[in-house]
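> The structure that follows is given in the form of structure tokens.
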Ligand code: NAD
Ligand code: ZN
Ligand code: ZN
């Protein structure tokens with residue numbers, strides 16, 4: 002079958018033929034409906050070096066944001082998983098036997114250091130292929146919802162959802178303000194989730210005018226990048242600053258802008274893996290504020306994201322690419338030419 006394979010560190014992936022996989026015990030075989038191209042894949046094949054934190058050993062099939070139809074059940078899989086039905090795949094794979102895995106938080110598996118891979122599409126074969134395998138207990142049913150448009154929810158939806166859910170205490174109450182920096186795959190759905198879960202004013206910023214226009218359609222107030230950015234955010238919030246900021250870029254200037262835009266007691270979550278740093282000192286961070294990071298989300302979060310999707314409260318913007326154009330999707334992602342999320346439909 003055709004697949005997008007990450008062959009070696011610091012090397013653009015290739016489109017090639019690989020054997021069709023077989024489901025192991027407790028797993029299912031899925032015919033892939035859609036596989037989202039996440040910006041983290043660019044870090045995987047462009048930047049990570051062997052042994053570096055986050056680096057996953059090649060070769061493997063990319064695609065950690067997947068949906069598909071169950072084609073076959075591996076040994077011991079319950080008949081509750083329906084052959085032929087559409088499911089979203091929760092990507093992270095932990096040991097399955099620690100307290101974090103027990104609560105569906107495979108992302109923070111206590112035995113991650115001894116696991117051979119992080120997730121489907123990150124160290125283990127993913128969904129940029131005609132077929133993939135996944136643990137049966139990591140499937141979330143999609144019912145009659147469009148599985149192609151749903152594919153990005155398993156990362157571009159789940160990651161902002163988890164980050165926002167952790168910040169909800171900061172956004173409960175009248176007159177709250179939230180800031181979203183970086184309005185690509187994750188950021189646009191992040192704006193939609195903030196609008197669905199909170200009454201906060203959502204302020205959004207990006208370097209691309211088209212991304213700002215889309216965020217306004219999603220209900221955000223937008224601020225262009227540049228020297229006056231922080232001043233404008235302060236003006237919109239009546240001088241107070243934002244109660245929660247989400248940085249989906251994560252370079253030093255965006256973290257600095259987010260920190261400077263925060264209210265006292267606010268929460269800044271860095272989600273983007275741009276490698277930026279934040280200098281903490283008594284005067285660089287508003288009083289009693291929090292700076293944190295989040296990684297992906299839990300299986301339960303993903304069920305909640307699917308509930309929002311099926312209720313029509315969030316809807317990812319997708320650009321569809323055929324399998325033969327999958328590498329073009331990555332080229333355009335790197336060039337900043339994708340609007341919303343590129344989804345490969347094998
Ligand atoms: P994307 O390429 O779809 O979107 C990035 C957006 O950021 C684009 O709209 C771009 O114009 C904008 N941008 C770039 N530089 C900017 C700047 N200096 N100021 C303002 N806007 C800027 O990327 P994505 O797939 O949404 O991923 C976003 C980030 O999140 C990446 O770093 C990715 O690796 C990371 N990520 C983290 C997690 C996690 O669990 N923490 C999960 C998935 C992705
Ligand atoms: Zn990702
Ligand atoms: Zn575990």
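Residue numbers (our numbering): 2 to 347. By construction, the Cβ of each residue, glycine as well, lies at the ideal position given by its N, Cα and C atoms. Since we're looking at a predicted model, the values are computed, not measured.
#1: With respect to the alpha helix (DSSP H) encompassing residue 257, which residues constitute its N-terminal and C-terminal limits?
#2: Can you give the Cα-Cα distance for residue 45 and residue 177, rounded to whole angstroms?
#3: Measuring from the CB of residue 95, is there a heavy atom of ligand 3 at a distance below 6 Å?
#4: Mind checking who residue 341 pairs with in its DSSP beta bridge?
#5: Does the segment 148-156 come into contact with the segment 235-250, if we say contact requires no fewer than three beta-carbon pairs (one atom in each stretch) closer than 8 Å?
#6: Is the segment 6-21 touching the segment 48-60 in the sense that three or more CB pairs, one from each, lie closer than 8 Å?
#7: Kindly identify the DSSP beta-bridge partner or partners of residue 7.
#8: Can you tell me whether DSSP reads residue 28 as helix, strand or coil?
#9: Quick one: does the C-beta of residue 44 sit closer than 6 Å to a heavy atom of ligand 2?
#10: Can you tell which of 27, 218, 223 and 294 has the C-alpha that lies nearest to the C-alpha of residue 97?
#11: Any chance you could list the alpha helix (DSSP H) runs of at least 4 consecutive residues sitting entirely within the segment 30-92, in chain order?
#12: Taking Cβ positions only, does residue 51 come closer than 7 Å to chain D?
#13: Looking at the structure shown, is residue 280 part of a helix, part of a strand, or coil, going by DSSP?
#14: Report, in whole angstroms, the separation of the C-beta atoms of residue 1 and residue 158, which I expect to be a contact under 8 Å.
#15: With DSSP as the reference, label residue 125 as helix, strand or coil.
#16: Any contact of the segment 193-208 with the segment 274-284, i.e. 3+ C-beta pairs under 8 Å?
#17: Determine which residues share a DSSP beta bridge with residue 245 and list them.
#18: Less than 7 Å between the beta carbons of residue 3 and residue 324, yes or no?
#19: Give the single residue among 126, 119, 67 and 329 whose Cα lies nearest to the Cα of residue 148.
Straight from the coordinates:
#1: 253-262
#2: 36 Å
#3: yes
#4: None, per the DSSP bridge assignment.
#5: no
#6: yes
#7: 61
#8: strand
#9: no
#10: 27
#11: 40-43
#12: No chain D is part of this structure, which consists of one protein chain only.
#13: coil
#14: Shown here, the chain extends from 2 to 347; a query on residue 1 therefore has no answer.
#15: strand
#16: no
#17: 179 and 268
#18: yes
#19: 67
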